[in-house]
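Under my numbering, the first residue of the sequence shown is numbered 77, with each subsequent residue one higher.
See structure below.
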Amino acid sequence: MELTNSKRVLRSSSYVMIEQTAEEQEENDRRSGRALEKLNFIRQVRMKPEDVERAKAWTLRQLGAAENTWVEESFGRLIRIVGILHENEGKPVSNLALASLASPIPSRFLSDIAALMAERDDRGNLAFLVEAFKKRMKTAPVGQLHLERIEMYPVGVERGELMYTVPLAPKETVTISHKEWATTSEEYERIIQDYFESYSERGVAEKTDASISTENESKHASAFNFSAQVSGSYGPVSMTVATGLNNNAENRQVVKDSTQRAREVTEKASARTRQEHKVSFKLETKRGVEDSSFRTITNPHDDRALRIDYYRMMRKWRTDLFRYGLRLTFDIVIPNPGARLWALHRRVRELDERVRQPFVFTLKLDGLTEDNWKAEADKYGAVIEPPPPKSIPISITRSLQDPNGGMEIFEFAAPDGYRMDSSGVRIEGMWLGPDNPSLMFPPATSLQVSPYTVTSAEKGGTFTGSSTGSGSGKHGSFFMYYSKVNRVTITVGMGAVREQGTLEAWRTKGWTALRDTAFAKWQDEIARLQAERDRLWMELSGKDTLTLRRLEREELIRQTLHWIIGEQFDPAPSEVGKILKKLVEMEQHQLPDEMPNADAARQLSKDEWATAAGFGDIVKYLHHAVEWENLLYFLYPYFWGSDDMAREKMLFEHPDVNHRDFLRAGYARIVIPVRPGFEESFTNLINTGVFSDQDKTPYMTIAEEVANFARTNYASIPPANPEKHARPLLHPEQRKTWDTMQKVIKLIEDYYDTHRAYPADLSVLPGAPFQDAWNHDLVYKNPGSSHDYDLLSLGADHTAGGEGVNADMSAAATASLVASWFDYTPTSGIDIEIQNKFDEDEEG
Numbered sequence: 077m078e079l080t081n082s083k084r085v086l087r088s089s090s091y092v093m094i095e096q097t098a099e100e101q102e103e104n105d106r107r108s109g110r111a112l113e114k115l116n117f118i119r120q121v122r123m124k125p126e127d128v129e130r131a132k133a134w135t136l137r138q139l140g141a142a143e144n145t146w147v148e149e150s151f152g153r154l155i156r157i158v159g160i161l162h163e164n165e166g167k168p169v170s171n172l173a174l175a176s177l178a179s180p181i182p183s184r185f186l187s188d189i190a191a192l193m194a195e196r197d198d199r200g201n202l203a204f205l206v207e208a209f210k211k212r213m214k215t216a217p218v219g220q221l222h223l224e225r226i227e228m229y230p231v232g233v234e235r236g237e238l239m240y241t242v243p244l245a246p247k248e249t250v251t252i253s254h255k256e257w258a259t260t261s262e263e264y265e266r267i268i269q270d271y272f273e274s275y276s277e278r279g280v281a282e283k284t285d286a287s288i289s290t291e292n293e294s295k296h297a298s299a300f301n302f303s304a305q306v307s308g309s310y311g312p313v314s315m316t317v318a319t320g321l322n323n324n325a326e327n328r329q330v331v332k333d334s335t336q337r338a339r340e341v342t343e344k345a346s347a348r349t350r351q352e353h354k355v356s357f358k359l360e361t362k363r364g365v366e367d368s369s370f371r372t373i374t375n376p377h378d379d380r381a382l383r384i385d386y387y388r389m390m391r392k393w394r395t396d397l398f399r400y401g402l403r404l405t406f407d408i409v410i411p412n413p414g415a416r417l418w419a420l421h422r423r424v425r426e427l428d429e430r431v432r433q434p435f436v437f438t439l440k441l442d443g444l445t446e447d448n449w450k451a452e453a454d455k456y457g458a459v460i461e462p463p464p465p466k467s468i469p470i471s472i473t474r475s476l477q478d479p480n481g482g483m484e485i486f487e488f489a490a491p492d493g494y495r496m497d498s499s500g501v502r503i504e505g506m507w508l509g510p511d512n513p514s515l516m517f518p519p520a521t522s523l524q525v526s527p528y529t530v531t532s533a534e535k536g537g538t539f540t541g542s543s544t545g546s547g548s549g550k551h552g553s554f555f556m557y558y559s560k561v562n563r564v565t566i567t568v569g570m571g572a573v574r575e576q577g578t579l580e581a582w583r584t585k586g587w588t589a590l591r592d593t594a595f596a597k598w599q600d601e602i603a604r605l606q607a608e609r610d611r612l613w614m615e616l617s618g619k620d621t622l623t624l625r626r627l628e629r630e631e632l633i634r635q636t637l638h639w640i641i642g643e644q645f646d647p648a649p650s651e652v653g654k655i656l657k658k659l660v661e662m663e664q665h666q667l668p669d670e671m672p673n674a675d676a677a678r679q680l681s682k683d684e685w686a687t688a689a690g691f692g693d694i695v696k697y698l699h700h701a702v703e704w705e706n707l708l709y710f711l712y713p714y715f716w717g718s719d720d721m722a723r724e725k726m727l728f729e730h731p732d733v734n735h736r737d738f739l740r741a742g743y744a745r746i747v748i749p750v751r752p753g754f755e756e757s758f759t760n761l762i763n764t765g766v767f768s769d770q771d772k773t774p775y776m777t778i779a780e781e782v783a784n785f786a787r788t789n790y791a792s793i794p795p796a797n798p799e800k801h802a803r804p805l806l807h808p809e810q811r812k813t814w815d816t817m818q819k820v821i822k823l824i825e826d827y828y829d830t831h832r833a834y835p836a837d838l839s840v841l842p843g844a845p846f847q848d849a850w851n852h853d854l855v856y857k858n859p860g861s862s863h864d865y866d867l868l869s870l871g872a873d874h875t876a877g878g879e880g881v882n883a884d885m886s887a888a889a890t891a892s893l894v895a896s897w898f899d900y901t902p903t904s905g906i907d908i909e910i911q912n913k914f915d916e917d918e919e920g
């Protein structure tokens with residue numbers, strides 16, 4: 077019995093790369109498209125105007141008089157592009173601005189010119205870039221992502237393998253112990269541990285549950301290879317390469333590859349659960365054990381031997397693989413996907429190194445001199461005293477007014493750090509009285525006298541001179557004599573010279589002040605660095621799993637836009653940034669209503685409003701046109717691109733293993749799923765660089781196929797007809813019938829576009845009547861039971877309901893059943909069978 081109410085659902089997807097045939101590539105190369113890729117190649121090979129002119133001359137010589145209009149036009153466009161890039165070298169030039177020029181240039185034309193450049197002057201890896209560009213042009217820029225789900229539900233219990241046999245002789249009694257447990261290796265347990273997917277959301281699940289084992293097995297497998305990562309709900313991804321843009325025959329191969337991958341995962345999961353589910357039996361020699369896990373068995377026959385066989389009971393699971401959606405995709409490779417986040421981790425490492433560095437004061441003690449002390453003080457921001465002068469003058473001034481005259485002694489005392497120099501005494505003064513002052517100095521005195529007349533009755537003058545004193549060390553003295561004068565005013569000066577220890581004391585004090593200031597600043601800087609490091613580390617390590625996935629997706633979005641549109645694409649242009657900052661400042665510094673011009677200060681100008689709103693339209697389109705929430709990406713190892721970066725990342729660890737792999741990646745391949753309804757406009761943007769869908773590109777057939785699929789699969793609306801939730805496509809007849817139904821659906825939609833109404837019956841459509849693979853007419857109802865119309869095939873028996881080839885198929889089904897198989901997992905049940913060998917022999 078199928079327990080559909082016990083269904084388990086696992087999400088998965090299948091990514092299909094499309095390689096063009098030689099004919100398709102040649103035909104598509106004559107048409108406009110892939111402008112951004114061509115511009116990126118022109119920038120990569122660094123084409124110069126002289127390179128293009130040289131290639132033009134050589135090409136025209138080879139062509140001779142042949143028709144060369146398209147060659148002239150291509151060279152004209154390329155010369156304009158290269159000229160603009162050359163004139164604006166070092167300045168930003170957006171790829172979007174040049175896309176209209178590059179779009180019509182054939183890719184083979186560009187690769188041939190670059191090959192000529194490589195022959196003349198191989199600039200680095202130019203030949204490799206040419207071959208890579210040819211390979212990229214061979215692969216279609218668009219792909220397909222089939223959205224799938226695996227549904228598993230139990231359908232019964234069956235006898236499994238023989239686990240143990242107990243032979244019993246006549247009248248023999250044995251005691252059997254039975255134990256059962258599940259084991260898991262530590263390595264595998266650590267890989268499948270995921271709190272947000274396997275634990276928190278689902279709770280504790282039985283290890284033998286097929287869906288849990290399958291999901292864990294897929295994670296176990298992806299942990300040891302470079303498989304695709306999905307940032308949304310698509311689940312594990314398988315990859316297939318299809319040849320040809322319009323080759324529908326490849327679709328079945330894609331289904332086979334996806335089915336094989338899904339079956340391999342479920343079969344491994346089933347085998348792992350059987351391996352980990354352990355059962356042991358043991359014969360015990362003692363009797364009378366009261367433990368319920370022991371069982372005593374006795375053979376009641378006197379002349380017959382018995383054999384008791386124990387079988388494992390296995391739960392049978394039905395596994396169905398459904399396809400419920402299709403997305404158009406674009407493929408791009410970006411370097412160092414976690415660059416911005418990795419820079420923060422590098423900053424933490426740099427801060428750790430700086431915090432661990434000891435304090436170093438480079439100025440030596442003898443490096444502080446009288447000549448550089450000012451510069452050193454300014455350098456460290458310190459305030460120190462200037463050096464003591466080499467000598468200081470000490471003066472004593474006295475008035476000599478004793479009418480009888482006498483001797484005058486001048487005694488000098490040197491300040492701390494100085495000693496008196498009595499070898500040079502300075503004398504100066506003035507007198508009032510006779511024509512010459514009656515002054516007597518020591519013999520070595522040199523004196524110059526300058527008399528003058530004060531009044532007719534009074535004389536006077538000035539005098540200066542030099543002499544020597546007496547004394548040394550801290551004290552010095554000088555003496556003189558004078559006779560009767562009216563008044564003498566004299567100043568005697570003696571110098572004090574700096575002792576050697578005084579300079580050393582100043583140097584030590586100043587150097588200490590400089591070092592203390594530098595040390596205090598170093599401590600402040602270390603505290604600031606430590607605070608920055610702690611804050612940054614908390615921001616990096618304090619993120620839960622979902623936040624890390626969101627950060628990774630946002631970085632992938634930013635880098636994808638940068639690399640798919642061009643290096644000059646700026647998600648944060650300065651003119652918009654100024655407006656956003658102004659809005660924040662307006663909110664932060666709210667002006668009161670009564671202030672003059674408050675209303676004007678709280679508003680943007682018309683130009684500012686138009687700039688911000690216009691950029692918002694670009695943001696809205698790019699986020700609506702792409703399913704960024706479901707990015708598919710492949711992380712490539714750390715050693716690609718930079719050896720220095722590789723050595724940094726090689727041993728990097730992070731508690732979240734997925735985030736660790738994201739940060740360590742050297743390159744990443746991004747598969748961008750386009751949101752249904754935006755296939756044509758986004759394809760045109762990538763191919764021509766303009767937001768227009770007027771011109772069909774050679775890859776529009778794939779975009780139209782995706783859009784048609786969306787029209788024929790009505791998500792979230794249950795069908796009213798009696799078939800199951802998905803149309804079966806297990807048999808060749810069913811797949812052939814579905815191909816016919818899809819063509820009919822396209823005709824019905826075209827009829828509606830023309831007449832603005834759905835047809836009353838199918839006979840009005842070209843190609844009618846329409847039959848399924850069993851030659852029965854398709855069932856069409858207008859209006860439908862829950863949709864605009866119903867389109868059905870009632871299977872081989874042409875009767876509602878049925879299984880296998882008799883199952884009904886509806887255009888309104890939410891998914892297609894493309895594969896179905898069975899798996900088995902162990903249960904705790906045991907089946908016992910008693911064999912009597914003698915009875916079998918007698919009957920025989």
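Where a beta carbon is used, it is the ideal one built from N, C-alpha and C, also for glycine.
Just so we're clear, the structure is a prediction, and the values are computed from it rather than from any experiment.
(message) Measuring alpha carbon to alpha carbon, tell me which residue in I910, R130, Y865 and R634 is nearest I746.
(response) R634
(request) Starting from the C-beta of G401, find all residues in its chain whose C-beta is less than 6 Å away, skip the five residues before and the five after it, and write them out in chain order. (result) L223
(message) Tell me which residue opens and which closes the alpha helix (DSSP H) that R160 is part of.
(response) For clarity, residue 160 is Ile in the given sequence; the question names Arg instead. Its alpha helix (DSSP H) spans residues T145 to E163.
(message) Looking only at its chain, what residues have a beta carbon closer than 6 Å to the beta carbon of V242, apart from the 5 residues adjacent to it on each side?
(response) I384
(message) Using 9 Å as the threshold, is the C-beta distance between V206 and S187 below it?
(response) yes
(request) Report yes if the C-beta distance between D442 and R626 is below 9 Å; otherwise report no. (result) no
(message) Please report the distance separating the alpha-carbon of S471 from that of N448.
(response) 31 Å
(message) Quick check: what's the CA-CA separation for L659 versus K619?
(response) 29 Å
(message) In the DSSP output, what is L867 paired with across the bridge?
(response) Y856
(message) According to DSSP, simplified to helix, strand and coil, what is Y834?
(response) coil
(request) Report the rounded CA-to-CA distance for Y528 versus K535, giving the unit in angstroms. (result) 6 Å
(message) Tell me the DSSP secondary structure of Q269 in three-state form.
(response) With a pLDDT of only 39 at Q269, under 50, the local geometry of the prediction cannot be trusted, and no value is derived from it.
(message) If you measure between the beta carbons of E227 and T395, is that distance less than 9 Å?
(response) yes
(message) Taking contact to mean 3 or more Cβ pairs, one atom from each stretch, closer than 8 Å, check whether the segment 411 to 423 and the segment 900 to 911 are in contact.
(response) no
(request) Using only alpha-carbon positions, find the residue among D884, W587, S475 and G753 that is nearest to L806. (result) D884
(request) Identify every residue that forms a DSSP beta bridge with K392. (result) G232 and Y900
(message) For S467, tell me which candidate among D837, D407, W716 and M570 has the shortest Cα-Cα distance.
(response) M570
(message) List, from N- to C-terminal side, the beta strand (DSSP E) runs of 3 residues or more that fit wholly inside the segment 381 to 428.
(response) 382 to 411
(request) Inspect the beta-carbon positions of G921 and F488 and report whether they are closer than 9 Å. (result) Coverage of the chain is limited to positions 77 through 920, which leaves residue 921 absent and any answer about it impossible.
(message) Using the three-state DSSP reduction, which class does I181 fall into: helix, strand or coil?
(response) coil
(request) May I have the straight-line CA-CA distance separating G481 from S522, to the nearest angstrom? (result) 21 Å
(message) Could you tell me the alpha carbon to alpha carbon distance between G547 and P518, rounded to whole angstroms?
(response) 14 Å
(request) Using three-state DSSP, classify E291 as helix, strand or coil. (result) Model confidence at E291 stands at a pLDDT of 44, short of 50, so the residue's coordinates are unreliable; what they give is reported in the following sentence. Helix.
(request) Return helix, strand or coil for S514, following the three-state DSSP convention. (result) coil
(request) Kindly indicate which three-state DSSP category H222 falls into: helix, strand or coil? (result) strand
(request) Look at the Cβ atom of F209, then the Cβ atom of Q96, and state whether they are nearer than 9 Å. (result) no
(request) Compare the C-alpha of E74 against each of R563, D737 and S650 and name the closest. (result) Since the first residue of the chain shown is 77 and the last is 920, residue 74 is not available in this structure.
(request) Answer with buried or exposed for I641, where buried requires no fewer than 16 other C-beta atoms within 10 angstroms of its C-beta. (result) buried
(request) Would you list the residues sitting across from E909 in a DSSP beta bridge? (result) D385
(request) Look up E661 in the DSSP assignment and say whether it is helix, strand or coil. (result) helix
(message) Just to confirm, is the Cβ distance from M193 to D105 under 9 Å?
(response) no
(message) Using C-beta distances below 8 Å, list every residue in its chain close to E461, excluding the 5 sequence neighbours before and after it, in chain order.
(response) W582, K585 and G586
(message) Considering only the alpha carbon of each residue, which of A133, N734 and I824 lies closest to L622?
(response) N734
(message) Quick check on DSSP: helix, strand or coil for R87?
(response) strand
(request) Classify N124 as helix, strand or coil using the three-state DSSP reduction. (result) Per the sequence shown, the amino acid found at residue 124 is Lys instead of Asn. Of the three classes helix, strand and coil, the one that applies to K124 here is coil, per DSSP.
(message) Are the CB atoms of E504 and G19 within a distance shorter than 9 Å?
(response) Past the edges of the chain, shown from 77 to 920, lies residue 19, and the structure says nothing about it.
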